[in-house]
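Chemist:
Numbering (this note's numbering), first residue to last: 182 to 304.
1. Quick check: the region 194-208 against the region 290-303, are there 3 or more CB pairs under 8 Å?
2. Distance, Cα to Cα, residue 293 vs residue 272?
3. As a quick exercise: from 253, 285, 231, 289, pick the residue whose alpha carbon is nearest that of residue 187.
4. According to DSSP, is residue 247 part of a helix, a strand, or is it coil?
5. Would you report the Cα separation of residue 221 and residue 239, rounded to the nearest angstrom?
6. Would you decide whether residue 304 is buried or exposed? Buried here means 16 or more other CB atoms lie within 10 Å of its CB.
7. Three-state secondary structure (DSSP) at residue 257?
8. Does residue 218 come out as helix, strand or coil in the three-state DSSP assignment?
9. Would you call residue 249 buried or exposed, if buried means 16 or more other Cβ atoms sit within 10 Å of its Cβ?
10. If the criterion is Cβ atoms closer than 9 Å, does the pair residue 252 and residue 210 meet it?
11. Buried or exposed: where does residue 263 fall if 16 or more other Cβ atoms within 10 Å of its Cβ makes it buried?
12. For residue 186, name the three-state secondary structure that DSSP assigns.
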């Protein structure tokens, strides 16, 4: 799981169809430069308890994940031209605090930006 989370490239995500993205063991959320969600995989839907109809077409940082609307996540998409970073994070919206690793991906010439979400295994 860690290997694919760390190894997948933005070009692979862009070229993948919904079935392939639904099969990965981590959440995949893709959004345009205006932060409107265009990609939301089945893994993230199950983990977050949000149906795709509730997420697709919505503003990611204002309507879907306001807990990520800060300098650690949202601001980096505005400030950096190229982004490929893994950030330890704690999700707090609509759930008890949940430790995760976020992978932030943005590339020049790529209209979709991605947040990948890897939830840590429960002990």
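We put the beta carbon where it would ideally sit given N, CA and C, even for glycine.
Modeler: Answer, in terms of the structure:
1. yes
2. 22 Å
3. 285
4. helix
5. 11 Å
6. Low local confidence applies: a pLDDT of 38 at residue 304 is under 50, so the model's placement there is unreliable, and no value is given.
7. helix
8. strand
9. buried
10. no
11. exposed
12. helix
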